[in-house]
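Residue numbers (this note's numbering), protein chains in the order written: chain A, -9 to 438; chain X, 159 to 675.
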């Protein structure tokens, strides 16, 4: 077996050094009647070629996003990732290293985390960011729990623009400690009155912008109302590229900012692994979940980086920890950071402009089709349309023609008949003029 | 013209090697210092070119940026150099033996990387119409089948994103099952040797944690468990093999007692690498167990994630698994169940949703590639080799270091305490840092908490005998050097790493968590 260096002679020599008669002696503590002799239902080992053939056949059954006109977003976005990124993250020293618990021989990972934290803090307009979360949705649930710790209240108000799956995660995670989540109904028009839902019992107000339906919200009045009653504003985004053009949540008064960072550096990969971004104000840092990297010096006085404030964490605090989390999305945060380093602020804004331009052009083209109603006044690279028939059926019909048109809202909100005809559509820099023309023509035919 | 016939010298001159105490650049040969991105990058630079988009009317509703993004950029060659230089300051499995106990730092096959990057896996959206992703669903189902076969369990929840997330998922499943029974059990028993995530997870779900002490031999005493069982106990969380590297040999008795008391048995699967193909947790009475694909099944640790923590479940817990999941029948057909509505229509009662999408697909592909490559025989051999390597290290070091629990065979890792350092002035930390100068990543230190100055060594099955012998020789040398009274050399170690010992106290007292110009 190509991955196992020990020969039978080595094994015999080692057993003899141990003083064991056979390998079974080392497994003597396993209950004898429960031990397995073989695994009969599983095949024997296979060559690299055989494994590649088998998995390649499975992969070939899928329609890859890059092979068709592709307009699906709804929390994960297809962007062009520079070739440099994937090369660098496969450096052995990044790929095959562990959590940097021995800082003297992990300065590479640690400096990357420090740079990542700084990038995320500046991008979101916040003071401090952690070393990443599993993804945006789990980050949001942690943010709500953090707001409950800070305010000592337990009633969260969620905008109707929150990604339905993010809402599901928040509702699930907060239910166990007995907290309350008040979720507003889906905000198709982008005009909900969330201020009316905020009162003295509110721990936090959670607003996603751009929203699941693509709407942009002015966070400033929401922050003002929240702060007036002692609540926090949690701002969420699923498309980090939007921050290249849109005023960052930190500048609009957000107390915690959570987002999905997949768009930068990371492939779609059928939903994971992704990278959750998490930023807050300096004064709340000790209530923050997740790993943090800080600057310090070594014994020679040289600048060095190290994981810090671990007294918040489970390996020290056990049942009193701020969270049970004991990892981050290391390699995904590295990919994010490298992509953002290549872009720089000016590149990110250029990228965002291309996205916005493509979305505006697509929205205008689709809105001109008979029976199609654009639901957004303001949007970034994603918008919602109401069709004259079931969006799920239209998506299936277009998929049969090798066009991936968007996400029917009903797929994520199966209990809401009023969403039956709503289609959420994203456009990014990967879409060409031909892609947009193909979608427009196919949708016209599907609706005819 | 004069030809100079005295050419380049080809033999080194004899010089004093210590003469170069410092360099102008601060670099030392191939060890090159790298400034922060924020010191080398420029605000007007980008390393990405874009096509011109032409004129259009923005539709941002007055919410556009009022200030430019405050982030420096680098061109492509500068980016390459920045990260390659940083990478060289890391230790890695590909550089050497990485004996971190409880972390299973085994070889990460590159075939797995290539497979995860196939466009049919890497470039597929989680919300594509299911008709366009049948191969992705097939992959998830196939990995699920392997996990069930290896664990002897009934069902698997694939969406947890890491081990601790899997713990949360498994314990939430238990919580939902208990609520469905109309009971209000709120206590979780956790042995003292458990990972910190176990009590943290239980507490996060609103359970009360009650500790269970360890026996003198490092394992859980079933009588101590029985004493604590009662109508208020929801579950026990037990790691097996445990964090002392020992198999809990009374596990069947414990499981039976837990079940008799109406509670569930959660197993922490962190150490599954010791027993793959040797015994199945389902046959031992386990109700739920997370599996760290990044440990046992070789998906790369990536400097701290991403992991993946699927949870296998017993029949009794299967109906409560969170959405989404792949459900497969015994005839081999697989069905992707995405919403609570769809689950309800199938008579299931999912406790909710724990992440936006379907889990760590990229890790699933890698883990399945690993399993297919090893096959039934290779997986079993890998576990045997891992256990053999740990016992070999134990046998070769037991006369110079103190094995914490010498009377039982070690499993895939061996635990030492710091008695062998008594009177030397050298601590576990000093000893570990001295290993760095010898070219090794230290073992896990000061964990588990049940022994003094713990040193937990997990060599894994990926090491050749020559590699193990060199490692053993190194530790013998260091142990003898400590006993010989050379404490000062240990106190200042490491000398030869990219950094000397770092000041963690300063970092915590005056947190600097981002770059300030």
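Note that beta-carbon positions come from the ideal geometry of N, C-alpha and C, so glycine has one too. It should be emphasised that the depicted structure is a prediction, and the values quoted were computed from it without experimental measurement.
Q) Taking Cβ positions, are residue 282 (chain A) and residue 671 (chain X) nearer each other than 7 Å? A) yes
Q.
On the DSSP bridge list, what partners appear for residue 249 (chain A)?
A. A:227 and A:267
Q: Flag this pair as yes or no: are the beta carbons of residue 437 (chain X) and residue 24 (chain A) separated by less than 7 Å?
A: yes
Q: Check whether the region 257 to 269 of chain X touches the region 590 to 608 of chain X, counting contact only when three or more Cβ pairs, one atom from each stretch, lie closer than 8 Å.
A: yes
Q: Consider the Cβ of residue 214 (chain A): report whether some Cβ of chain X lies at a distance smaller than 7 Å.
A: no
Q. Does DSSP put residue 575 (chain X) in a helix, a strand or coil?
A. strand
Q: Report all residues from its chain with a CB closer than 6 Å to the CB of residue 593 (chain X); omit the five preceding and five following residues, and keep chain order.
A: 600
Q: Would you mind telling me which residues of chain A sit closer than 8 Å to residue 664 (chain X), beta carbon to beta carbon, in chain order?
A: 286 and 287
(Q) On the DSSP letters alone, give me the boundaries of the alpha helix (DSSP H) that residue 423 (chain A) sits inside. (A) 423 to 437
**Q.** Any 3 or more C-beta pairs closer than 8 Å across the region 202 to 210 of chain A and the region 74 to 88 of chain A
**A.** no
Q. In chain order, what residues of the same chain lie with their CB nearer than 8 Å to the CB of residue 348 (chain X), ignoring the 5 residues before and after it?
A. 356, 357, 360, 367, 368, 369, 370, 394 and 395
Q) Name the residues in the region 322 to 350 of chain X whose C-beta lies less than 7 Å from a C-beta of chain A; which are they? A) 322, 323, 325, 326, 330 and 333
**Q.** Inter-residue Cα distance where the pair is residue 383 (chain X) and residue 420 (chain X)
**A.** 14 Å
Q | Residue span of the beta strand (DSSP E) that contains residue 101 (chain A), given as start and end | A | Residue 101 (chain A) -> not in any beta strand (DSSP E); alpha helix (DSSP H) instead, spanning 97 to 114.
Q. In three-state terms, what does DSSP make of residue 316 (chain A)?
A. coil
Q) Buried or exposed: where does residue 485 (chain A) fall if 16 or more other Cβ atoms within 10 Å of its Cβ makes it buried? A) Coverage of chain A is limited to positions -9 through 438, which leaves residue 485 (chain A) absent and any answer about it impossible.
Q. How would you label residue 313 (chain X), buried or exposed, when you count the other beta carbons within 10 angstroms and need 16 or more for buried?
A. buried
Q. Shorter than 7 Å from the beta carbon of residue 397 (chain A) to some beta carbon of chain X?
A. yes
**Q.** Any C-beta of chain X under 7 Å from that of residue 4 (chain A)
**A.** yes
Q) Over what stretch of residues does the beta strand (DSSP E) that includes residue 366 (chain X) continue unbroken? A) 366 to 370
Q) For residue 244 (chain A), does the three-state DSSP call read helix, strand or coil? A) coil
(Q) Using DSSP's beta-bridge definition, name the partner residues of residue 412 (chain A). (A) A:376
**Q.** Proximity test, Cβ basis, 7 Å: residue 561 (chain X) and chain A
**A.** no
Q: Have a look at the DSSP bridge pairing and note the partners of residue 424 (chain X).
A: X:395 and X:446
Q) In or out: residue 511 (chain X) buried (at least 16 other Cβ within 10 Å) or exposed? A) buried
Q.
Using a 10 Å radius around the Cβ and a threshold of 16 neighbouring Cβ atoms, would you call residue 365 (chain X) buried or exposed?
A. buried
Q: Measure from the C-beta of residue 116 (chain A) to each C-beta in chain X and report whether the shortest distance is under 7 Å.
A: no
Q) Excluding the five sequence neighbours on either side, which residues of its own chain have a C-beta within less than 8 Å of the C-beta of residue 329 (chain A), listed in chain order? A) 71, 72, 75, 254 and 255
**Q.** Spatially closest choice to residue 418 (chain A) from A:272, A:378, A:346 and A:375, by CA coordinates
**A.** A:346
Q: Give the interface partners of residue 294 (chain A) over in chain X, defined as CB-CB distance under 7 Å, in chain order.
A: 657 and 660
Q. Is any heavy atom of the ligand GDP found at a distance shorter than 6 Å from the C-beta of residue 438 (chain X)?
A. No copy of the ligand GDP appears in this structure; indeed no ligand is present at all.
Q: May I have the straight-line CA-CA distance separating residue 532 (chain X) from residue 540 (chain X), to the nearest angstrom?
A: 8 Å
Q | DSSP-derived helix/strand/coil call for residue 27 (chain A) | A | coil
Q: Please confirm if residue 407 (chain X) has its CB atom under 7 Å from at least one CB of chain A.
A: yes
Q | Interface partners of residue 386 (chain A) on chain X, CB under 9 Å | A | 287 and 289
Q: Reducing DSSP to helix, strand and coil, say where residue 519 (chain X) ends up.
A: helix
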